[in-house]
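Quick note: the sequence shown uses our numbering, first residue 1, plus one each step. Report on one structure; see the data block that follows.
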Amino acid sequence: MMGEIKIIKKEDYDKFFQKPNQKFVWNNIAFCWKDYRNKPLEVVKDFLKNKSGLVIDFGCGSCRNMIFNKNIEYYGVDFSENQIKNGLEYVRTKKINAHLFVSRLDKLDKNIFKNEMFDYGLFIGSLHCLETEKERKKALKEFFRILKKNSEALISVWNSEDKRFDKVSNKGDIYMSWKKDGKDYMRYYYLFSKKELIDLLKNVGFKILNLDFSGEDRFSRKNWIFKIKKL
Numbered sequence: 001m002m003g004e005i006k007i008i009k010k011e012d013y014d015k016f017f018q019k020p021n022q023k024f025v026w027n028n029i030a031f032c033w034k035d036y037r038n039k040p041l042e043v044v045k046d047f048l049k050n051k052s053g054l055v056i057d058f059g060c061g062s063c064r065n066m067i068f069n070k071n072i073e074y075y076g077v078d079f080s081e082n083q084i085k086n087g088l089e090y091v092r093t094k095k096i097n098a099h100l101f102v103s104r105l106d107k108l109d110k111n112i113f114k115n116e117m118f119d120y121g122l123f124i125g126s127l128h129c130l131e132t133e134k135e136r137k138k139a140l141k142e143f144f145r146i147l148k149k150n151s152e153a154l155i156s157v158w159n160s161e162d163k164r165f166d167k168v169s170n171k172g173d174i175y176m177s178w179k180k181d182g183k184d185y186m187r188y189y190y191l192f193s194k195k196e197l198i199d200l201l202k203n204v205g206f207k208i209l210n211l212d213f214s215g216e217d218r219f220s221r222k223n224w225i226f227k228i229k230k231l
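This is the structure in structure tokens:
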């Protein structure tokens, strides 16, 4: 179970504790996470409606956002082996045409993930999990590279202005706990300002089509959701 969530600035945590290995963290909580996050997001369902072709799910986790569509072939990437195990079970159960890979998002195998390969992209709740500015920018550049010209994608990160982040000044490097078997596993997140993320996306080469954070569902309230286009 998740239990009470502790939110702490990374710099404060690092004064007293060893840096948590994020692959270790996510491999340990993956099976709990699968049960906690087990349905596709409405915004993703709307985005993929009537789509066809190749779709990349970047930081796919347990693949819950892969929706059955006989006209879509998915590729999913995640750095957690156990998340990919969950994903394999999910796509088999749902009879989804998908190819899943364990990989860092900033270091894709170019023999598999070729330039301008994908018709559409999903980058949902993963960019803010990358621990350095260099890694985040490189992952976005890889995402840009593998999308076809004029293709569209959805990307989301935590809404840093959410009141739960007031205690960590609504910005920067933080940890959020996940309790399992009486132990706290500390998940890393980077809290973007809205302007910071918009500037980063534009710097990589994306056009912002719209920013939709006005939905009434829990995800829309707690995240910034961008629809973007590769120019």
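We put the beta carbon where it would ideally sit given N, CA and C, even for glycine.
Which of helix, strand or coil does DSSP assign to N159? coil
Based on DSSP bridge pairs, tell me the residues matched to K230. F206
Mind checking which residues open and close the beta strand (DSSP E) that includes V77? I72 to D78
Please determine if the region 162-176 and the region 5-20 are in contact, where contact requires at least 3 C-beta pairs separated by less than 8 Å. yes
Using alpha carbons as the reference points, say which of R145, N203, D78 and L147 lies closest to I125. In the sequence as displayed, the identity of residue 125 is Gly instead of Ile. Per the Cα distances, D78.
As a quick exercise: from L154, N223 and G121, pick the residue whose alpha carbon is nearest that of L54. G121
Quick one: Cα of W158 to Cα of N71, how far? 31 Å
Which residues DSSP lists as bridging M176, in chain order: I7 and R187
Would DSSP call S151 helix, strand or coil? strand
Check each candidate in I29, Q22, K19 and D14 and name the one with the smallest Cα separation from K183. I29
Quick one: using the 10 Å Cβ neighbour count with 16 as the cut-off for buried, is N210 buried or exposed? exposed
Would you report the Cα separation of K244 and K171, rounded to the nearest angstrom? No information on residue 244 is available, as it lies outside the stretch 1 to 231 that the chain covers here.
Between Y185, F219, V168 and E152, which has its C-alpha nearest G205's C-alpha? E152
Can you find at least 3 beta carbon pairs, one from the region 195-203 and one from the region 31-42, that sit closer than 8 Å? no
CB of F192 within 8 Å of CB of H128, strictly: yes
Element boundaries [beta strand (DSSP E), containing L54]: G53 to F58
Burial state of S52, where buried means 16 or more other Cβ atoms lie within 10 Å: exposed
Quick one: using the 10 Å Cβ neighbour count with 16 as the cut-off for buried, is R92 buried or exposed? exposed
For L154, I'd like the list of residues in its chain whose CB is within less than 8 Å of its CB, leaving aside the five on either flank, ordered along the chain. V43, V44, F47, G121, L122, F123, I124, I225, F226, K227 and I228
In three-state terms, what does DSSP make of N27? helix
Smallest Cα separation from D181: which of Y13, C32, D14 and E116? C32
Taking just the CA atoms, how far does K222 sit from I112? 34 Å
Start-to-end residues for the alpha helix (DSSP H) that takes in I124: Note, I124: premise wrong, no alpha helix (DSSP H); beta strand (DSSP E) at F118 to I124.
Rounded distance between the beta-carbons of R136 and Y190, thought under 8 Å: 7 Å
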